[in-house]
Amino acid sequence: MKVNLSGYLLVKGDDYRFIVTEGQHSVACLAALGYDTIRCRFSSEPQYPKVVRWQDVKKWPQVANGVYSRNLALRIFERFFVGGVGKERMGLE
């Protein structure tokens, strides 16, 4: 089965999350069908970087242009790293 799944990485220290930007419904369906491995690619859309690093917060476009404060942007970023969805749960350690 060929499904287009793409996105980018959020990286904090030695932990990361792959953020799906295309194919969210496909990922949900494959997970419900019991797939434990899903092949994804980096987004080719220019507005999506391949990697967003926690320590580069001042360079994030919406922080740099003042839409989000540094503090708020980091709080949003941190929400992706709570709830036990890390490398350990994905079996990547």
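Going letter by letter, the sequence shown gives residues 2 to 94 in the working numbering. Virtual Cβ for every residue (Gly too), placed ideally from N, Cα, C.
*Would you check if the distance between the CB atom of Arg71 and the CB atom of Val53 is smaller than 8 Å?*
Along the sequence shown, one-based indexing puts residue 71 at 70. Along the sequence shown, one-based indexing puts residue 53 at 52. Going by C-beta atoms, Arg71 is not nearer than 8 Å to Val53.
*asked:* Quick check on Gly8: buried or exposed, where buried means 16 or more other Cβ atoms within 10 Å of its Cβ?
replied: The count along the sequence shown starts at 1 and reaches residue 8 at position 7. For Gly8, the number of other beta carbons within 10 angstroms of its own is at least 16, and it is reported as buried.
*What residue does the alpha helix (DSSP H) around Phe78 start on, and which one ends it?*
In the sequence shown, counting from the first residue as 1, residue 78 sits at position 77. Segment 71–80, the alpha helix (DSSP H) holding Phe78.
*Just how far apart, CA to CA, sit Ser27 and Ala65?*
By one-based count along the sequence shown, residue 27 stands at place 26. By one-based count along the sequence shown, residue 65 stands at place 64. Ser27 and Ala65 have their C-alpha atoms some 33 Å from each other.
*Closest residue to Arg80 among Ile20, Asn5, Asp15, Leu6 (Cα-Cα distance)*: Taking the first residue of the sequence shown as position 1, residue 80 is located at position 79. Measuring from the Cα of Arg80, the nearest candidate turns out to be Ile20.
*Identify every residue that forms a DSSP beta bridge with Asp16.*
Within the sequence shown, numbered from 1, the residue matching residue 16 stands at position 15. According to DSSP, which records beta bridges pairwise, Asp16 is partnered with Lys13.
*In the DSSP assignment, what are the bridge partners of Val58?*
Within the sequence shown, numbered from 1, the residue matching residue 58 stands at position 57. Its beta-bridge partners do not exist; DSSP assigns none.
*What's the C-alpha gap between Gln82 and Arg18?*
Indexing the sequence shown from 1 puts residue 82 at position 81. Indexing the sequence shown from 1 puts residue 18 at position 17. Looking at the sequence provided, one finds Phe at residue 82 rather than Gln. Spanning the two alpha carbons is a distance of roughly 8 Å.
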